[in-house]
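Colleague: Got a structure for you, written out below as structure tokens; questions coming shortly.
2 protein chains.
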Amino acid sequence: MKSDQGGHPARPGGLVTDGTYVLQPIGWVDSPLVGKNAAPKQGSRGITRRPARLRRIDGRLRDLEVGSEILVLTWLDRARRDVLVVHPRDDLTNPQRGVFSTRSADRPNPIGLHRVTISAITGSAVEVQDLEALDGTPVVDIKPVLHPLDR
Amino acid sequence: MKSDQGGHPARPGGLVTDGTYVLQPIGWVDSPLVGKNAAPKQGSRGITRRPARLRRIDGRLRDLEVGSEILVLTWLDRARRDVLVVHPRDDLTNPQRGVFSTRSADRPNPIGLHRVTISAITGSAVEVQDLEALDGTPVVDIKPVLHPLDR
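Protein chains in written order, with this note's numbering: chain A, 4 to 154; chain B, 4 to 154.
Below you can see the structure in the form of structure tokens.
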């Protein structure tokens, strides 16, 4: 992030005066999943392999490797932030649970965490397999998977 | 998050007009790690077990279980957001790498990802083992570890 982007000062931590922080997209998801109900629930069985693309990534990509696994952090911008309990998998027959014990997209800070495999890197785009995120979702971070502890 | 907190409208996604998003802490870390150089590098060998506490967590905790593993997402508020390449582990003899291929705290959106085990839950606090985060670090999300894929 450059200090002249977004109108926010580039001071450490990005603290805004009211105790909140500012998250700035580093790129966006191109995905065949369009519309809020298109995304499969995380951990679903029988997910078919689909390519998706992280585009306009602002950062050095040449150290990423095709074939390696990464963690993609997204901002699930179509989620609801005002719910603290949900019926898991949107199934009303499931008892309500606190969102922090589920992977629901609806949560106070709707950060998506996706473990995916890189299938190609071209310019500022990274093609990945099995990213369960809606088209246009902001990407906020990319991290390597750490072995063996996978922290 | 309630709509009267923080002065931000609780609309879906929390989009601010300039394309950024607002992250609101859901709690804070109490940790014996104080000062920027106190935190061990992620993936370090020989880490000793230390308890830390997630305090003032705003959300339903009774569905979390002592002994289970969770992913704690933090906002590493003392990190630098204006660097895109680093020497891994702050060792100048390591060749520079793009931050997205490292677990450096310094990155455009300094979100920390910590896989930890719950050792106790009391009121709005969760005691965990081996959380490598500085005292006072904001907590922004808690997610269950999904088995076996650990997405």
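The beta-carbon is built from N, C-alpha and C at its ideal position, and this holds for glycine as well.
None of the values given here were measured: they were computed from a predicted structure.
Any C-beta of chain A sitting closer than 8 Å to the C-beta of valine 102 of chain B?
Modeller: For the purposes of this step, residue 102 of chain B is taken as residue 99 along the second sequence, with counting starting at 1. So, interface residue.
Colleague: Can you give me the C-alpha to C-alpha distance between glycine 115 of chain A and leucine 116 of chain B, rounded to a whole angstrom?
Modeller: Along the first sequence, one-based indexing puts residue 115 of chain A at 112. Along the second sequence, one-based indexing puts residue 116 of chain B at 113. Glycine 115 of chain A and leucine 116 of chain B: Cα-Cα distance of roughly 12 Å.
Colleague: For aspartate 61 of chain A, which three-state DSSP category applies?
Modeller: Against the first sequence, residue 61 of chain A aligns to sequence position 58. Correct three-state label for aspartate 61 of chain A: coil.
Colleague: Does any C-beta atom of chain A lie closer than 8 Å to the C-beta of glutamine 132 of chain B?
Modeller: The residue labelled residue 132 of chain B in the question sits at position 129 within the second sequence. Chain A contact via Cβ: absent.
Colleague: Roughly how far, in whole angstroms, is the beta-carbon of isoleucine 60 of chain A from the beta-carbon of valine 119 of chain A, given that I think they are within contact range, below 8 Å?
Modeller: Start at 1 with the first residue of the first sequence, and residue 60 of chain A comes out as number 57. Start at 1 with the first residue of the first sequence, and residue 119 of chain A comes out as number 116. So it is not a contact: roughly 14 Å between Cβ atoms.
Colleague: From the DSSP output, in three-state form, read off arginine 92 of chain A for me.
Modeller: Mapped onto the first sequence, residue 92 of chain A falls at position 89. Looking at arginine 92 of chain A - three-state DSSP - the assignment turns out to be helix.
Colleague: Can you give the Cα-Cα distance for arginine 83 of chain A and arginine 110 of chain A, rounded to whole angstroms?
Modeller: Counting from one through the first sequence, the residue named residue 83 of chain A turns up at place 80. Counting from one through the first sequence, the residue named residue 110 of chain A turns up at place 107. Answer to the nearest angstrom: the Cα atoms are 6 Å apart.
Colleague: List the DSSP bridge partners of isoleucine 145 of chain B.
Modeller: As a working mapping, residue 145 of chain B is identified with position 142 in the second sequence. Looking at the DSSP assignment, isoleucine 145 of chain B forms a beta bridge with B:Val75.
Colleague: So, with DSSP's three-state summary, where would you put serine 122 of chain A?
Modeller: Here residue 122 of chain A refers to the residue found at position 119 of the first sequence. Residue state, collapsed to three classes: strand.
Colleague: With 16 other CB atoms within 10 Å as the buried threshold, where does alanine 123 of chain A fall?
Modeller: The residue you call residue 123 of chain A lines up with position 120 of the first sequence. Exposed, since its Cβ has fewer than 16 Cβ neighbours within 10 Å.
Colleague: Would you verify that the beta carbon of isoleucine 124 of chain A is, or is not, closer than 8 Å to some beta carbon of chain B?
Modeller: Locating residue 124 of chain A in the first sequence gives position 121, counting from the first residue. Not closer than 8 Å to any Cβ of chain B, the Cβ of isoleucine 124 of chain A fails to qualify, so no.
Colleague: Leaving out the 5 sequence neighbours to the left and right, which residues in its chain are closer than 8 Å to aspartate 138 of chain B when beta-carbon positions are compared?
Modeller: Position 135 of the second sequence, counted from the first residue, corresponds to residue 138 of chain B. Closer than 8 Å at Cβ, skipping near neighbours: Val32, Asp33, Ser34, Pro35, Leu36, Val37.
Colleague: Contact criterion: CB-CB distance below 8 Å. Does threonine 120 of chain B meet it with respect to chain A?
Modeller: By one-based count along the second sequence, residue 120 of chain B stands at place 117. No, threonine 120 of chain B does not count as interfacial toward chain A.
Colleague: Since valine 3 of chain A is in the beta strand (DSSP E), which residue starts that stretch and which ends it?
Modeller: The question about residue 3 of chain A has no answer, for chain A in this structure spans 4 to 154.
Colleague: How about leucine 67 of chain B and serine 104 of chain A: are their beta carbons less than 8 Å apart?
Modeller: Position 64 of the second sequence holds residue 67 of chain B. Position 101 of the first sequence holds residue 104 of chain A. Cβ atoms of leucine 67 of chain B and serine 104 of chain A: closer than 8 Å.
Colleague: Which residue's Cα is closest to the Cα of asparagine 112 of chain A: A:Asn97, A:Asp133, A:Asp80?
Modeller: As a first step, residue 112 of chain A is located in the first sequence; it is residue number 109 there, counting from the start. Answer by Cα proximity: A:Asp80.
Colleague: Just to confirm my understanding: we take proline 147 of chain B, look at its own chain, exclude 5 residues before and 5 after, and list those with CB closer than 7 Å. What are they?
Modeller: What you label residue 147 of chain B is simply residue 144 of the second sequence in a count that begins at 1. For proline 147 of chain B, where only same-chain residues beyond five positions count, the Cβ hits under 7 Å are Ile73.
Colleague: Tell me whether the beta-carbon of valine 131 of chain B lies closer than 8 Å to the beta-carbon of proline 28 of chain B.
Modeller: Here residue 131 of chain B refers to the residue found at position 128 of the second sequence. Here residue 28 of chain B refers to the residue found at position 25 of the second sequence. Contact: no.
Colleague: What does the Cβ neighbour count give for valine 69 of chain B, buried or exposed, with the cut at 16 atoms within 10 Å?
Modeller: Along the second sequence, one-based indexing puts residue 69 of chain B at 66. Answer is exposed; the Cβ neighbour count stays below 16.
Colleague: Using only the alpha-carbon positions, how far apart do threonine 125 of chain B and glycine 22 of chain B sit?
Modeller: Here residue 125 of chain B is taken as the residue at index 122 of the second sequence, counted from 1. Here residue 22 of chain B is taken as the residue at index 19 of the second sequence, counted from 1. When rounded, the distance between both Cα atoms is 38 Å.
Colleague: Can you pull the chain A neighbours of threonine 96 of chain B, defined as C-beta to C-beta under 9 Å?
Modeller: Taking the first residue of the second sequence as position 1, residue 96 of chain B is located at position 93. Per Cβ cutoff of 9 Å: no residues; threonine 96 of chain B is ~17 Å from chain A at best.
Colleague: Using a Cβ-Cβ cut-off of 8 Å (strictly less than) and excluding sequence neighbours within five positions of glutamine 99 of chain B, which residues of its own chain qualify?
Modeller: The residue given as residue 99 of chain B occupies position 96 in the second sequence. Closer than 8 Å at Cβ, skipping near neighbours: Val88, Val89, His90.
Colleague: So is threonine 23 of chain B in contact with chain A if we call contact Cβ pairs under 8 Å?
Modeller: Residue mapping note: residue 23 of chain B aligns to position 20 of the second sequence, counting from 1. So yes, threonine 23 of chain B belongs to the interface.
Colleague: Name the chain B residues that come within less than 8 Å of aspartate 33 of chain A, Cβ to Cβ?
Modeller: The count along the first sequence starts at 1 and reaches residue 33 of chain A at position 30. Those within 8 Å of aspartate 33 of chain A in chain B number zero; the least Cβ separation is about 17 Å.
Colleague: Can you give the Cα-Cα distance for arginine 92 of chain A and isoleucine 121 of chain B, rounded to whole angstroms?
Modeller: On the first sequence, position 89 is the one that residue 92 of chain A refers to. On the second sequence, position 118 is the one that residue 121 of chain B refers to. Going from the Cα of arginine 92 of chain A to the Cα of isoleucine 121 of chain B covers about 24 Å.
Colleague: Closer than 7 Å by beta-carbon distance: list the chain A residues that pair up with aspartate 144 of chain B, in chain order.
Modeller: Along the second sequence, read from residue 1 onward, the residue named residue 144 of chain B stands at position 141. Neighbours of aspartate 144 of chain B on chain A, chain order: Arg110, Asn112, Ile114.
Colleague: What is the rounded straight-line gap between the Cα of tyrosine 24 of chain A and the Cα of valine 25 of chain B?
Modeller: Position 21 of the first sequence, counted from the first residue, corresponds to residue 24 of chain A. Position 22 of the second sequence, counted from the first residue, corresponds to residue 25 of chain B. Near 6 Å, if we compare the C-alpha coordinates of valine 25 of chain B and tyrosine 24 of chain A.
Colleague: Which residues share a DSSP beta bridge with alanine 128 of chain B?
Modeller: Position 125 of the second sequence holds residue 128 of chain B. Its beta-bridge partners are B:Thr125.
Colleague: Going by DSSP in three states, valine 102 of chain A sits in which element: helix, strand or coil?
Modeller: Taking the first residue of the first sequence as 1, we reach residue 102 of chain A at position 99. Three-state result, valine 102 of chain A: helix.
Colleague: Closer than 6 Å by C-beta to valine 86 of chain A: which residues in its own chain qualify, once you throw out the five before and the five after it? Chain order, please.
Modeller: Counting from 1 along the first sequence, the entry for residue 86 of chain A is found at position 83. Counting only Cβ-Cβ distances below 6 Å, and skipping sequence neighbours, we find Asp109.
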